[in-house]
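Those letters in the sequence shown? Residues 1165 to 1449, by the working numbering. C-beta atoms are modelled at their ideal positions from N, C-alpha and C, and glycine is treated no differently. Fair warning: this is a prediction, and the values are worked out from it, not measured in the lab. Presented below is the structure to which this report refers.
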Amino acid sequence: MGEMAGSGFDGLRVLSFESRRGAEMAKLIENAGGRAIIAPSMREVPLQDNHHARDFVRELIAGEIHAVIFLTGVGAQVVVRVAESIGEQQAYLDALKSVPVIARGPKPAGILRPLGIPIRAIAPEPNTWREVLQALDANPSSVPLRGRTIAVQEYGAPNEELLAGLRERGATVRRVPVYDWQLPEDTGPLRNAAEQIAKGDVDVVLFTTSVQARHVMQIANEMGIAQEVHRGFSRMFVASIGPVTSEALHELGLRADMEPSHPKMGFLVSEAASKANDILPRKQG
C-alpha cells in the first residue's frame, strides 16, 4: 500500500462508502490526518436463484462453452460452490482446465490458480473491460473468439462494452450473472451521508467502486435531495479508485478529481491526502 502522507488531509472531513472494509478505510484516513466518515453503501447478495451459474456449469461440462472470462474473485468462488451444490465440482474444474480461462486482474486468478486452473490471460491494471479485450487481442491464437461461445462471469450490472467488444470479435456471449449488489440492510448512515454532502459538511469523498456512487444517488433521489447532493459533490475533492468508477461517476453527472497510481485503497487514501488541500480551494472558491 502507498506511503501514508502523515497529516496530509490536515483535519479535512473524508467520506468513504466502504462496507466490508469500512474499519480499515477509517484507519487509513485517520493515519493520513483526516476525519473519517464511513457510510456503508452496499451489501453483496448471492442471487437467490443461481440458475444462471448452474446452467453454465452444466454447459461447460457438456463442452458447449469454448472460453470463460472471470470478472471477480468472489464470483469465481460462488460458481465453484454452485458446482459443488449440484455434485459437479470435480467435473466443473476438469472442464475449466480444458478451455482458455481469462481473469480480469489478480483476484479471480488468485481463486482459480490454487484449484489447478491454468490462466491463459490476465487483464493488467487498471483491470477494466478495455484491458480484458486488449489481453484477448494480444493472444488471438491462444484464445480464439470467432465462432466460439465465450462465457462471462458477471457482477452486478452487465458490462455492455465488454459484451459488445466480444460480439464484434465474432464471439457468441453467454452471460453468467452470479451475484448482485443491494443497498445495506440499514440505510441510516448512507442517508446521513447524503444529508451531510447536501449541506456541504464533507470535504473529500473516496469512491472504491461504481456501485457506491449509484447507491448514494439512489438514496439522494429517494430523499428528494439529488440536486443538492450533486451540488455538494461539485464542491468536494472527489477521488476515484480507477477508470471504471470514474466512468460511472461521469454517467451520474459527477467528476473525479483524481485516480491513484494503483487501484488500491492505500494508494487512493495517501495520494488523495497529498492533493486534496491544493484542489479544494479552487472547487470551494
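Using the DSSP secondary-structure output, state which residues sit across from residue 1346 in a beta bridge. 1207
Excluding the 5 residues flanking residue 1166 on each side, which residues of the same chain have their C-beta closer than 6 Å to its C-beta? Here the model assigns residue 1166 a pLDDT of 40, short of 50, so the residue's position is not dependable, and the following value carries that caveat. Excluding positions up to five away in sequence, the list reads 1430, 1431 and 1434.
Which same chain residues, not among the five before or five after residue 1410, have their C-beta less than 8 Å away from its C-beta? 1404, 1420 and 1423
What is the C-beta distance between residue 1265 and residue 1275, in whole angstroms, given that I count them as a contact (C-beta under 8 Å)? Residue 1265 to residue 1275, Cβ: 11 Å. No contact.
Is it buried or exposed for residue 1215, if we count other Cβ within 10 angstroms and need 16 for buried? exposed
Cross-strand partners of residue 1292 (DSSP beta bridge): According to DSSP, which records beta bridges pairwise, residue 1292 is partnered with nothing at all.
Contact defined as beta carbons within less than 8 Å: I believe residue 1180 pairs with residue 1207. What is the distance between those atoms, to the nearest angstrom? The pair is not a contact, with the Cβ atoms about 16 Å apart (cut-off 8 Å).
What is the rounded straight-line gap between the Cα of residue 1340 and the Cα of residue 1371? 26 Å
Rounding to the nearest angstrom, what Cα-Cα distance links residue 1271 and residue 1188 in this structure? 19 Å
Please classify residue 1322 as buried or exposed, where buried requires at least 16 other C-beta atoms within 10 Å of its C-beta. exposed
First through last residue of the beta strand (DSSP E) which encompasses residue 1371: 1368–1371
From what residue to what residue does the beta strand (DSSP E) around residue 1201 run? 1199–1202
Tell me where the beta strand (DSSP E) around residue 1404 begins and ends. 1401–1404
If I'm right that residue 1504 touches residue 1176 with Cβ under 8 Å, what's the distance once you round it to whole angstroms? Here the chain comprises residues numbered 1165 to 1449, so residue 1504 is not present and cannot be evaluated.
Alpha carbon to alpha carbon, how far is residue 1413 from residue 1377? 7 Å
Entirely enclosed alpha helix (DSSP H) segments - the segment 1369–1435, minimum 4 residues: 1374–1387, 1390–1398 and 1407–1415
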